[in-house]
Amino acid sequence: MPADANKKTRRKDEEKQKVVMPDYVELWKEMYFKNEDAWSQAFKEFITTQTFVTALDQVKDQMLNYHKISEQNLDSYYKVHPAPSKKDIARVAELVIGLEDKVDDLDLQFSTNINRITTGLIKLVDFNANLKDEIKNLRQENLNMQKKLDDIIAILASKSEEIPTVPTESNPTPKKKPRKKDTGL
């Protein structure tokens, strides 16, 4: 049994000689979460105090004053040095947009008027073509009627040579009777 006792003592000696290395990741996590809790608690307490609210109001007022002063400085700078400000550029942009809208309206009106004019011209050309056809037809009818009249006159002339003529007065004028003047008696 002395061998067993020897083994046990050797194991104990080996265990004593073993160096245990700490787990740095676990230590870091533990430290991080404890610090986070401590800082969050401290900030919660600080944020809820009236001192923090007063300090925040003062910082806000200072920033607004700084902004106002810097805006005034920029305005005075732009008055001395002629360079367009954002307001000037915005105003010009508004004017350009307004002008574009007016040009678009004029373009729309122009195209509408051109369409009306072309439609009217097309109708006028069609009417003119129809009128030319009607005039041509009327001329043809007039020529046909003229031929017929010439034929009728020729027939009448040939027949009038066959019939003896009776002298008639040309343009007989009725004789006027003298009127008696009424004297009113």
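Residue 222 in this note's numbering sits at position 122 of the sequence shown, and the numbers go up by one each step.
We put the beta carbon where it would ideally sit given N, CA and C, even for glycine.
Remember, it's a predicted structure, so these values are computed and weren't measured experimentally.
Annotation: the continuous alpha helix (DSSP H) that includes H167 extends over Q150 to V180. Here E262 has no same chain residue with a Cβ atom under 7 Å from its own Cβ, once five neighbours each way along the sequence are excluded. For M131, the uninterrupted alpha helix (DSSP H) run begins and ends at Y124 to I147, by DSSP. DSSP places M245 within a helical segment (H, G or I) once states are collapsed to three. DSSP, read as helix, strand or coil, puts A183 in coil.
The C-alpha of K248 lies about 10 Å from the C-alpha of N242.
Distance from the CA atom of F146 to the CA atom of E136, rounded to whole angstroms, is 15 Å. Take the alpha-carbon of E194 and the one of T212: they are about 27 Å apart. The beta carbon of K223 is closer than 8 Å to none in its chain, skipping five residues each way along the sequence. Residues of the same chain with a CB within less than 6 Å of the CB of Y178, apart from the 5 flanking positions on each side, are S185 in chain order.
Apart from sequence neighbours up to five positions away, the residues of its chain that approach F152 with a beta-carbon distance below 8 Å are F146, ordered along the chain.
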